[in-house]
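Just so we're aligned, residue 112 is where the sequence shown starts under this note's numbering, counting upward by one.
This report refers to the structure that appears directly beneath it.
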Amino acid sequence: MSLYLVPVRFREAAAFVRDWHRHHPPPVGQIFAVGAADDHGILRAVVIVGRPVALHLDDRATLEATRMCSDGVRNANSLLYGAAWRATKALGYTRLITYTQAGESGASLRGANWRVVAQLRPRRGWDTPSRPRADRDSESVRRTLWEATD
112 MSLYLVPVRF REAAAFVRDW HRHHPPPVGQ IFAVGAADDH GILRAVVIVG RPVALHLDDR
172 ATLEATRMCS DGVRNANSLL YGAAWRATKA LGYTRLITYT QAGESGASLR GANWRVVAQL
232 RPRRGWDTPS RPRADRDSES VRRTLWEATD
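Structure follows, in structure tokens:
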């Protein structure tokens, strides 16, 4: 089976993430999304790219692949990570980042020529007295920060 890139609107990408992502809901917004469809035109994977979640990385030159999600089809994630980087550069941005959680190999990222930037300790969560937030299971997990390269 071959895969090809398709444009995806936010609602469709968010619905795909809701149906297939293992541990996160769809993000609140996006700059763009790209999909991978099979020979029959069936959407098999999406990447959603937006502003960096970490405010200190939101420097107007950096975007973040905030969600990558597939139905398990082989090579879709690498295809989309590469496409996301090309689109990011075409829009004038100079950096694209993403994160993986402990236990995720990063094989798709390495296949798309991304590199590890940092190994991050588990965060305490987002809850503060001035901004109450409900914790999710992903707060106490080690993460790896990745960056796209040419």
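Ideal Cβ placement from N, Cα and C applies to all residues, glycine included.
CB-CB length for residue i against residue j, believed under 8 Å
i, j, result
"Leu114", "Ala144", "Not really, about 16 Å apart at Cβ, beyond 8 Å."
6 Å CB neighbourhood of residue i in its chain, flanking five on each side removed
i, result
"Val158", "Val145, Ala176, Met179, Leu191, Ala195"
"Val128", "Pro137, Arg178, Cys180"
Start-to-end residues for the alpha helix (DSSP H) that takes in residue i
i, result
"Thr260", "Unbroken run through Thr260: none, as it is neither H nor E."
"Val128", "121–131"
Cβ-based neighbour list, residue i, same chain, cut-off 8 Å, excluding 5 preceding and 5 following
i, result
"Ile142", "Val160, Gly161, Arg162, Leu174, Leu202"
"Asp182", "Trp131, Arg155, Ala156"
"Arg226", "Trp257, Glu258, Thr260"
"Ala198", "Phe143, Val145, Val160"
From the options, residue whose alpha carbon lies closest to that of residue i
i, options, result
"Leu154", "Val119, Pro136, Ala223", "Val119"
"Trp257", "Gly214, Leu207, His135, Asp182", "Leu207"
"Ala229", "Arg221, Ser219, Gly222, Tyr210", "Tyr210"
Delimiting residues of the beta strand (DSSP E) encompassing residue i
i, result
"Val160", "154–161"
Per DSSP, the bridge partner or partners of residue i
i, result
"Ser181", "Ala156"
"Thr255", "Thr211, Gln230"
"Pro118", "Val145"
Contact with chain D by residue i, beta-carbon distance below 8 Å
i, result
"Leu256", "Given the protein chain composition of this structure (a single chain), no chain D is represented."
Cut-off 7 Å between Cβ atoms - residues of its own chain near residue i, not counting five sequence neighbours on either side
i, result
"Ala187", "Leu114, Ala147, Arg155, Ala156, Ser181"
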